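So the sequence shown is numbered by this note's numbering: it starts at 5 and just counts up by one. Everything below concerns the one structure shown next.
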Amino acid sequence: MKQKPEVDERFVKLMRSALTAIDGLWFLEVEEKIGFDEAFEIDIAVWKRYGPIIIKRIKKALSITKTDLDSFLQVLEYLCSIDGTKFDIKDKSPKKAFIQVTFCPWWENLKRSNRENLVRCDIVDKVIFPEWAKSFNPKIEFLLEKSLPDGHDACEWVISYG
């Protein structure tokens, strides 16, 4: 695996902040123009399209050619580092990984803006993450087992291969 380049953490924090700001502002503007339900539908469509693009770019940047579970987990680590999501792999075999999200910036932003009950990020995740996994390898399945919006202490993902 390629080593992560040294980057100024202040710059990383600024970039993450910019990413979530543009996403939030875009959503609010669309919501104001056409309503929440349609804005939410468009938001999901955009995120579904974003995943395969960024996964392809990460694979290229890291020179990842394999499509096994370990390679997907490498991509997932970099993907999550883009927005600041932190996770631990609780259990892993060659065919399955159990992941616990220990910090989710999207959930924190929703809570901070008092929209955590309006915008169900777990609904978005249940739709987009399986699509993203399939774009990496159609044999990879992504299941959201537990979520913060459902009152759990953490989101838990099960990723299986084969």
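In this text, a Cβ means the ideal position worked out from N, Cα and C, and glycines have one as well. Remember, predicted model here, so these are calculated numbers, not experimental data.
- In this structure, DSSP gives L114 a helical state, which the three-state scheme calls helix.
- Cβ-Cβ distances below 6 Å link K52 to I132, E135 in the same chain, with the five nearest sequence neighbours on each side left out; the list follows chain order.
- Counting only the Cα atoms, F146 lies some 13 Å from C159.
- Here L152 carries a coil assignment [DSSP, helix/strand/coil].
- Within the DSSP secondary-structure output, S164 pairs in a beta bridge with K100, E145.
- Comparing C-alpha distances from A65 to each of Q78, D74, L73 shows the shortest one belongs to Q78.
- Looking at the DSSP output, V105 bridges to F91, C159.
- An exposed status is given to K115, since fewer than 16 other beta-carbon atoms sit within 10 Å of its beta-carbon.
- Cβ contact annotation for I48 (same chain, cutoff 7 Å, sequence separation greater than five): V128, V131, I132, in chain order.
- Y165 places its beta carbon 8 Å or farther from that of L80.
- Closest in alpha carbon position to W30, among F15, R20, I46, L18, is I46.
- Counting every other CB atom within 10 Å of its CB across the protein chains shown gives N113 a total of 16 or more, marking it as buried.
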